[in-house]
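Chain order of the listed sequences is S and F. Numbering follows the working numbering, with no gaps: position 171 of the first sequence is 171. Numbering follows the working numbering, with no gaps: position 415 of the second sequence is 1415. Taking it in order: structure first as structure tokens, then the write-up.
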Amino acid sequence: MAATNQTDAKPKRKRPAKRKSAAKGAASGASSTLLYQGSEWSFDQVQKVYDAIEEIGVGEMGLDIYPNQIEVITSEQMLDAYSSIGMPLLYRHWSFGKRFAHEETAYRRGARALAYELVINSNPCINYIMEENSMTMQTLVLAHAAMGHNHFFKNNYLFQQWTRADAILDYLDFAKAYVAKCEERYGIDAVEQILDWSHALMSHGVNRYVGPRKRGGREDARAKQLARLEYEEQNYDDLWRTVPKATNDADRGRSAREPNDLGLPEENLLYFVEKHAPKLADWQRELVRIVRSLSQYLHPQRQTKVMNEGCATFVHYEIMNTLYDRGRIGEGEMLEFLHSHSSVVFQPTFKDRRFGGLNPYALGFAMMNDIKRMAEHPTQEDKDWFPDLAGCGDALGALKAAWADFRDESFIHQYLSPKVIRDFRLFALDDDAEDSEMEVSAIHDDAGYRNVRRRLAGQYDAAALDPSIEIIEANLSSNRRLVLCHTVREERLLDKAECERTLQCLANLWGHRVKLLEVCSETQDVLVEHDALPRPL
Amino acid sequence: MHIIDRRKNPKSKSLGNRQRFIRRAKADIRDAVQDALRKRKVSDVEGEEKIKIRSKSVREPSFSLGNEQGRRQFVLPGNEEYQVGDVISKPPKGGGGGGGAEGSPDGDGQDDFVFTLTKEEFLEVFFEDLALPNLVKRKLASLKSPAPVRAGFTSDGPPAKLAYTRTMRNSLARRIALRRPKTADIAKMEADLAEAEAAGETARAARIREELEALNRRRRLISYIDPLDLRYRRFEQRPQPTTQAVMFCLMDASASMTEGLKDLAKRFFMLLYVFLSRHYQDVDLVFIRHTSVAAEVDEDTFFRGVQTGGTVVSTALEEMQRVIADRYPVDEWNIYAAQASDGHNFSDDMARCMELLNDDLLPLCQYFAYIEVVEREFARSRFASQLWSGYRDVDALHEHFAMRRVSSPGEIFPVFHDLFARDRAEKA
Chain S
1 MAATNQTDAK
11 PKRKRPAKRK
21 SAAKGAASGA
31 SSTLLYQGSE
41 WSFDQVQKVY
51 DAIEEIGVGE
61 MGLDIYPNQI
71 EVITSEQMLD
81 AYSSIGMPLL
91 YRHWSFGKRF
101 AHEETAYRRG
111 ARALAYELVI
121 NSNPCINYIM
131 EENSMTMQTL
141 VLAHAAMGHN
151 HFFKNNYLFQ
161 QWTRADAILD
171 YLDFAKAYVA
181 KCEERYGIDA
191 VEQILDWSHA
201 LMSHGVNRYV
211 GPRKRGGRED
221 ARAKQLARLE
231 YEEQNYDDLW
241 RTVPKATNDA
251 DRGRSAREPN
261 DLGLPEENLL
271 YFVEKHAPKL
281 ADWQRELVRI
291 VRSLSQYLHP
301 QRQTKVMNEG
311 CATFVHYEIM
321 NTLYDRGRIG
331 EGEMLEFLHS
341 HSSVVFQPTF
351 KDRRFGGLNP
361 YALGFAMMND
371 IKRMAEHPTQ
381 EDKDWFPDLA
391 GCGDALGALK
401 AAWADFRDES
411 FIHQYLSPKV
421 IRDFRLFALD
431 DDAEDSEMEV
441 SAIHDDAGYR
451 NVRRRLAGQY
461 DAAALDPSIE
471 IIEANLSSNR
481 RLVLCHTVRE
491 ERLLDKAECE
501 RTLQCLANLW
511 GHRVKLLEVC
521 SETQDVLVEH
531 DALPRPL
Chain F
1001 MHIIDRRKNP
1011 KSKSLGNRQR
1021 FIRRAKADIR
1031 DAVQDALRKR
1041 KVSDVEGEEK
1051 IKIRSKSVRE
1061 PSFSLGNEQG
1071 RRQFVLPGNE
1081 EYQVGDVISK
1091 PPKGGGGGGG
1101 AEGSPDGDGQ
1111 DDFVFTLTKE
1121 EFLEVFFEDL
1131 ALPNLVKRKL
1141 ASLKSPAPVR
1151 AGFTSDGPPA
1161 KLAYTRTMRN
1171 SLARRIALRR
1181 PKTADIAKME
1191 ADLAEAEAAG
1201 ETARAARIRE
1211 ELEALNRRRR
1221 LISYIDPLDL
1231 RYRRFEQRPQ
1241 PTTQAVMFCL
1251 MDASASMTEG
1261 LKDLAKRFFM
1271 LLYVFLSRHY
1281 QDVDLVFIRH
1291 TSVAAEVDED
1301 TFFRGVQTGG
1311 TVVSTALEEM
1321 QRVIADRYPV
1331 DEWNIYAAQA
1341 SDGHNFSDDM
1351 ARCMELLNDD
1361 LLPLCQYFAY
1371 IEVVEREFAR
1381 SRFASQLWSG
1391 YRDVDALHEH
1401 FAMRRVSSPG
1411 EIFPVFHDLF
1421 ARDRAEKA
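Encoded structure:
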């Protein structure tokens, strides 16, 4: 349910509401009244429920959130939002149309349910809720997104570092208008080409290791630059063409730049193309830049799926239970909530037909609950494994610290406890493509906990998500060839066909020959070479 | 916290994206539509279509790791019996896990992309190939051809549709009901007042003045025309009066009709069907195929079945005549016939065919279209087939008979040209 389009797999499986016993029900209901009854929702009720939730979330749990903006949409609009990678507004491109067609077909066939809600990492934080939801679902969704995700967006270091919640909506607006303007001016095809090529490199449009570049005052400079470009275009005078060009000295000065000047090696392919591609026009560079900004904005979400969902699920679970304890929601509504909650955090085993990898909701929620458990009721094992955390008493404080300072990889590395490993019955497999069989290398026992934890964390590592590709050489003076290097780990080469298509895109953007070497990380041997010449359509 | 209701926002925000997508995948979609047409029934031509296209033109490449080599590690949930060191055989390829492109040798991953084309989009592609003039295209594509029909009055509408008579009638009724003082009454009273004043009857004058004032007030309160009175002419979009039609598809099923020729014939039948279904609410289809004997068959057999034997066209015409006599009385049905053939006929049969057409069938039919489907290489040849040379005489005699020789879908439309032209002439 994060800002990226993500559906909740909703396998139907009921878990008895074991947490709340009848005794609790009797204890509550003394003074407070039900917030709502029945399944129909209204704007007044949403407002009332939101206030109650905010009182608990912000007032008692001390969550730190952006102001919320709640937007009610229809299922069709939800599909719309899906196809534009969860963005409220986005430039036009056929790939979004493709995604829409795909989602729509799946949805109409009944193969997939829609997410209950979608939340945008922006300030104010935009929460889309669906009109089809029942009032209980709206309550759940508000607690989940408007409190949980919102807090996470505002406090997690990755989001703070990589995204600017204040500016994203304005930027998207600008991007949309700019792309539309370019289409009008240079033709849909020309724009589409650049966007296609840039999209192909989107997964390599971020600096994963050094963090984003400093932005100090750059936006002003950019605005000036854009204004100057426009001014130049308006005051174009053909006469200047007849003035003798600068002599070769200036050119030579430019071409003498050393690779170091270009900041090589460079892992951010889009950045490099934007800054140094020899043949791109200014508007084309700006398009590349738009795609890169988008890629950067989405970067933290890919790295914090487990935490983000874990945080939001934990928060909605706490809030809903508090509401129930105080008699603000009824028994039936609570059961409805528990039903959807338990299907959201349901984890099928690997043998199950429904298995589609580890469910980030399930893992995240289990880990958050586990942290709370360790802080409040530690066992001896917890004390051995987490001496600082176990029994500290301040569960929320510990959780908030975790939410702020970790991403999935480091979070799992730090916090995955033997108990969660046992509960999930996690085990690690080694798979060598050459063998016909896989070997079990660790299971949930004393010898295996650390191993399982390390490997699971590794699965969420940025390097495991995308191959590490860098530009290692760029010749700007003579043949202008670009050389890239893929560092091959564990003998895993790039998918050949895909790689060649993508490389073609890069070559088209670069305008000259591009070469990709696949180099073994240990021996430094070149295993495979790919080559592409620009071939604009 | 704000709550904003976005439900009323314009729908289909992503329409632009969809159009771009379809433009992008045009070539693939066209192929897919051709495929679909082959599978479709003639009468299904207008339905929505689930289109499966090869992902080639809508590919979104990115650098990704291949699964064919190297070592990987997984962590999975739900261990029940495994111990360290246990060995598990791999699941069969393709299932679960990767699921990505399996890279066929030519480097074309074959992940098909499935989505649904709307009726309009489907027809657009269908028409594009047939080279229809735009006017006709629009006429066919508009889902129904409704005409505005008067449907009483409404209390709301644009000023141009104001119904004066009705409005004034309401106004009058209301004025009478509420007893709005008439201008004449007031004028009379004013005259009385003047008279009374002139006569110096102050008491009477005061009474009259008081009454007059009351009347005037009443007149101000009860307006001459009130928004309540307004009536507007209401129009409803109603489909034009419809009738029923039957369309006979006649086709030579002998072995000389190749698969390609049959496809071409099918396109022809489909187009005629689309055209007819615009004009008639119910269109019945009758399929008659013939070799040396003719039979009414269902659609699948019609296009798929292969028969051997000679070719005697008159048998099909006789069969058609029989079916008309049996089931389609001429006074209730508009009868259309479309015949497709490669032109072969048993030479002694021509006289019989001409006789049947001229004397029996053509007087019953609204329209009889004959297309001769030929392989491309023979399209230019001057050679006239048996049927062609025979039908040329029929063509000369009858206005509602059309014949064409086609070798590609784009040539089909001219067959209908006369039909549309006639239609236009009638309207004019």
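Yeah, the Cβ is synthetic: ideal placement off N, Cα and C, and Gly gets one too.
query                                                                                                                           : result
T1116/F: contacting residues in chain S (beta-carbon distance under 9 Å)                                                        : A101, E104, T105, R108
Element boundaries [alpha helix (DSSP H), containing C485/S]                                                                    : Segment 482-488 is the beta strand (DSSP E) holding C485/S; no alpha helix (DSSP H) there.
Local Cβ density within 10 Å of L239/S, reported as buried at 16 or more and exposed below that                                 : exposed
R1071/F - partner residues in DSSP beta bridges                                                                                 : D432/S
Assumed close pair V514/S, L484/S - CB separation to whole angstroms, cut-off 8 Å                                               : 7 Å
Euclidean distance between Cα positions of R489/S and F1063/F                                                                   : 15 Å
Inter-stretch contact (C-beta, 8 Å, three-pair minimum) for the region 1251-1271 of chain F and the region 1366-1376 of chain F : yes
Whole-angstrom distance between G1157/F and W403/S, CA atom to CA atom                                                          : 59 Å
Interface positions of the region 488-501 of chain S facing chain F (Cβ-Cβ less than 9 Å), listed along the chain               : V488, R489, E490, E491, R492, L493, L494, D495, K496, A497, E498, C499, E500, R501
Meets three-Cβ-pair contact criterion under 8 Å: the region 1274-1294 of chain F and the region 1305-1324 of chain F            : yes
E1121/F versus I1022/F: straight-line alpha-carbon distance, rounded                                                            : 9 Å
Delimiting residues of the alpha helix (DSSP H) encompassing Y157/S                                                             : 157-162
Close-in-space but distant-in-sequence residues of the same chain around S521/S (CB under 7 Å, 5 per side omitted)              : T487, V488, R489
Selection of the region 1013-1041 of chain F by Cβ proximity to chain S, strictly under 9 Å                                     : K1013, S1014, L1015, G1016, N1017, R1018, Q1019, R1020, F1021, I1022, R1023, R1024, A1025
Identity of the residue in S83/S, W94/S, C125/S, I129/S nearest Y107/S by Cα                                                    : S83/S
Terminal residues of the beta strand (DSSP E) in which A1402/F lies                                                             : 1401-1406
Inter-residue CB distance, S1256/F and D1342/F (contact presumed, cutoff 8 Å)                                                   : 5 Å
F272/S to L1117/F span [Cα, whole Å]                                                                                            : 40 Å
Contact set between C485/S and chain F, taken where Cβ atoms lie within less than 7 Å                                           : The contacting residues do not exist; C485/S stays about 12 Å from chain F at best.
Within 8 Å, strictly: CB atoms of V288/S and H199/S                                                                             : no
Integer Cβ distance of L118/S from E103/S, believed to fall under 8 Å                                                           : Not confirmed; about 13 Å, so no contact.
Per-residue DSSP class, three states only, for H144/S                                                                           : helix
Proximity test, Cβ basis, 8 Å: R535/S and chain F                                                                               : no
Contact set between the region 1055-1078 of chain F and chain S, restricted to residues whose Cβ is under 8 Å from the partner  : V1058, R1059, E1060, P1061, S1062, F1063, S1064, L1065, G1066, N1067, E1068, Q1069, G1070, R1071, R1072, Q1073, F1074, V1075, L1076, P1077, G1078
Residues near A362/S by beta carbon distance below 7 Å, same chain, minus five either side                                      : V345, F346, Q347
Contacts of W94/S in chain F (Cβ-Cβ under 9 Å)                                                                                  : N1017, R1018, Q1019, R1020, F1021, I1022, R1023, R1024, A1025, V1058
Given 8 Å, three or more beta-carbon pairs between the region 407-423 of chain S and the region 365-376 of chain S              : yes
Y1224/F classed as buried or exposed, judged by whether at least 16 other C-beta atoms fall within 10 angstroms                 : exposed
P1159/F, buried or exposed, once every other Cβ within 10 Å from all chains shown has been counted against 16                   : exposed
Residue range of the unbroken beta strand (DSSP E) whose run includes F314/S                                                    : No beta strand (DSSP E) contains F314/S, which is instead part of the alpha helix (DSSP H) from 305-325.
Best match in P1181/F, G1200/F, Y1232/F for proximity to A1214/F [C-alpha to C-alpha]                                           : P1181/F
Sheet register partners of R400/S (DSSP bridge)                                                                                 : A small correction: the amino acid at residue 400/S is Lys; Arg does not occupy that position in the sequence shown. Partner(s): none; K400/S has no beta bridge.
Beta strand (DSSP E) segment containing S441/S, residue limits                                                                  : 437-442
Same chain only: Cβ atoms within 6 Å of I56/S, ignoring 5 sequence neighbours per side                                          : I319, T322
Exposure label - L389/S; buried when at least 16 CB within 10 Å                                                                 : buried
Straight-line Cα distance separating V306/S from L1135/F                                                                        : With a pLDDT of 46 at L1135/F, under the threshold of 50, the predicted position of this residue should be treated as unreliable, and no value is reported.
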